[in-house]
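A short worksheet on the structure shown next.
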Amino acid sequence: MRLYRSFFLLIFFSSCYTSTQIGMTGAVVDLSSSKVGDEKKARPRNVVLMIGDGMGLNQLSAAMYSTTEPLAMERIKTIGIHKSHSADDLITDSAAGATAFASGVKTNNSYLGLDAAGKKHTSLLRQAGSQGIKTGLVVSSTIVHATPAAFFAYNTNRNAYDSIAADLPDARVDFIVGGGKKYFDRRKDDTLNLITRMREQGYFVTDYFEQDYASWAVPDVPRVAFFTADGDPLPAVNGRDYLPKASADALNFLSRRARKGFFLMIEGSQIDWGGHANDAGYVISEMIDFDRAVRAVLDFAERDGNTLVVITGDHDAGGLTINGGKQGDLVCQFSTVKHTGGCIPVYAYGPGAETFSGIYDNTQIYHKLKKLLLN
Ligand SMILES: [Zn+2]
């Protein structure tokens, strides 16, 4: 077993954490100031599903013990637990895990948008889009990586990136930020230019080569896609910083256009990669980056009062254990370079959050969200 020490620098957040920001604020609980009835309060207008890939309880713990300020995730009071296993294995991969969240079916590892028999299931994102609900995907991996792919693609092979990319234009996602541009304009499978196809469908498409995401002002267009890398985006420690801003941009973009609400999926993709690398510093830095995105989303949800935020992981990665040390200087061990099979916490805030308490299958996240968001 390999032993690591992670000595993590203090992270200074741009906004302070105060008790007045915590929990259900007046916008949600003050009945006298609201014209909407109780029934309407129990159903959100908007849903933000945030997935920390490879984020189990110990990844959260390691991040909490590595900062001086509380994490944004600590504001959340409603917590549940999901059973993460896939159809064919006690230990899920990200494809089966995200398919459970996206489409409500247990499937085999590596399958996207299909049940274990290979039957297609329309994702919550696609269903929302077809009902006129605005949709968005924001990730720190490629946009064709397993987690986002489960929301728009149908494939038995999560690594068939060219084929997965070909399913994106028709899903008509309104706001897209992630890596993987090469799977769209320099494909191995064929000579298609999917970026041209997206432009023909009314997308404004741009990328990291044209400008830094940090200085990008989202244009006033119906649909937008920003490719943050040709392949995988950088780790946060190597300078990637777009996830929090892209999350805030997505909320602004979608809420301004959403006459019927919006569904946004945000993934902190590389927590998992830190786990596979058995690199505690990588895990913690990605957790803190993801938590900055969580902060942007919770700030929006608290102001808005009609947005349900559900935050969870698909599985643990690395079997991370905290075996000592002290605040800011943890002794972390890993038991595997793969995933583990433990249950995973679910954190929920906003209208309908209470339905996420308890212990349930990962597929129930889809069913609960569908009941709350769709007609
Ligand atoms: Zn993984």
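Take the position in the sequence shown, starting the count at 1, then add 7; the result is the number in my numbering.
Backbone N, C-alpha and C fix where the C-beta goes; we use that ideal spot for every residue, glycine too.
Keep in mind that this is a model prediction, so the values were computed, not measured.
For ligand 1, I want to know if residue i counts as a neighbour, meaning its beta carbon is within less than 7 Å of at least one of the ligand's heavy atoms.
i	result
H283	yes
Out of curiosity, what's the CA-to-CA distance linking residue i and residue j?
i	j	result
T370	R82	25 Å
G359	L56	13 Å
S39	S170	Legend: pLDDT at S39 = 37, less than 50; position of this residue unreliable, no value from coordinates given.
S364	C350	14 Å
G125	L97	19 Å
E46	A109	In this prediction, E46 has a pLDDT of 44, which is less than 50 and means its spatial position is unreliable; what the coordinates show is noted afterwards. Whole-angstrom Cα-Cα distance: 25 Å.
Q208	L121	26 Å
I278	Q138	33 Å
A172	H128	18 Å
G185	G59	15 Å
R247	P240	7 Å
A153	T99	12 Å
L131	P229	21 Å
L264	G281	For the record, residue 264 in the displayed sequence is Arg; it is not Leu. Rounded to the nearest angstrom, the two C-alpha atoms are 36 Å apart.
F234	K188	6 Å
N382	Q66	36 Å
G61	P352	12 Å
K252	I183	13 Å
M31	S292	For M31, the predicted structure reports a pLDDT of 34, less than 50, and the residue's modelled location is therefore unreliable. The matter cannot be settled from this model.
V43	F341	Note that V43 scores a pLDDT of 42, beneath 50, so its modelled location is shaky and nothing firm can be said.
Y118	A232	25 Å
S73	F159	35 Å
L305	V338	31 Å
D95	N116	7 Å
K84	P155	27 Å
L261	G332	43 Å
D368	S91	7 Å
N285	G326	9 Å
I366	G320	14 Å
I86	F270	21 Å
A34	M294	The predicted position of A34 is uncertain, since its pLDDT is 36 and thus under 50; no value can be drawn from it.
G288	V344	15 Å
T75	S68	13 Å
R179	G136	7 Å
G221	D256	A quick correction: the sequence has Ala, not Gly, at residue 221. Cα to Cα, A221 sits roughly 11 Å from D256.
So which of the options has the shortest CA-CA distance to residue i?
i	options	result
A236	A224, V228, L250	L250
D323	M80, V228, T85, H89	H89
M80	S93, H92, S91, L64	L64
S49	F234, R206, N313	Before going on, a small fix: residue 49 reads as Ala here, not Ser. Among F234, R206, N313, the Cα nearest to that of A49 belongs to N313.
T106	I295, M272, I366	M272
V316	Y354, F260, A284	Y354
L376	G111, E309, K189, N162	G111
R52	I372, G357, D296	G357
S148	S276, T347, R206, V304	S276
Q134	K267, D197, G335	K267
N166	R302, A70, Y190, A255	Y190
D197	Y168, L144, A243	Y168
Y373	A103, I202, A70, D214	A103
E361	L379, K345, G348	L379
S254	A303, F269, D311	A303
P176	G335, T343, L144, V290	L144
H346	S93, G87, R206, A70	S93
A308	M294, L258, T328	L258
V244	T163, V146, D296, P226	D296
V386	S101, E76, T142	This structure cannot settle anything about residue 386, because the visible part of the chain is limited to 8 through 382.
D298	I318, R194, H283	I318
A70	G348, V290, T114, D227	V290
F211	Y161, P226, T163	P226
D181	W223, M205, S222, G238	M205
I140	I329, V54, Q334, G348	V54
Quick one: does the C-beta of residue i sit closer than 7 Å to a heavy atom of ligand 3?
i	result
E81	Only ligand 1 can be found as ligands here, which leaves ligand 3 out of the picture.
### Query
Which parts of the region 137–216 are runs of the alpha helix (DSSP H), unbroken and 4 residues or longer, counting only runs that do not cross its ends?
153–156, 168–173, 175–178, 189–192, 201–207
### Task
Write down every uninterrupted run of the alpha helix (DSSP H) in the region 269–326 whose length is 4 residues or greater and which is fully enclosed by it, in chain order.
278–283, 287–311
#### Entry: Check your reading: residues with Cβ closer than 5 Å to ligand 1 heavy atoms
D279, A324
### Query
Of all the beta strand (DSSP E) runs that stay within the bounds of the region 59–146, which reach a length of 3 or more residues?
85–90
### Task
Mind listing, in chain order, the continuous alpha helix (DSSP H) runs of no fewer than 4 residues lying wholly within the region 316–380?
Counting whole runs of 4 or more residues, the region 316–380 contains the alpha helix (DSSP H) stretches 370–380.
### Task
Please specify which runs of the beta strand (DSSP E), each continuous and at least 3 residues long, are wholly inside the region 209–254, giving them in chain order.
210–214, 230–234
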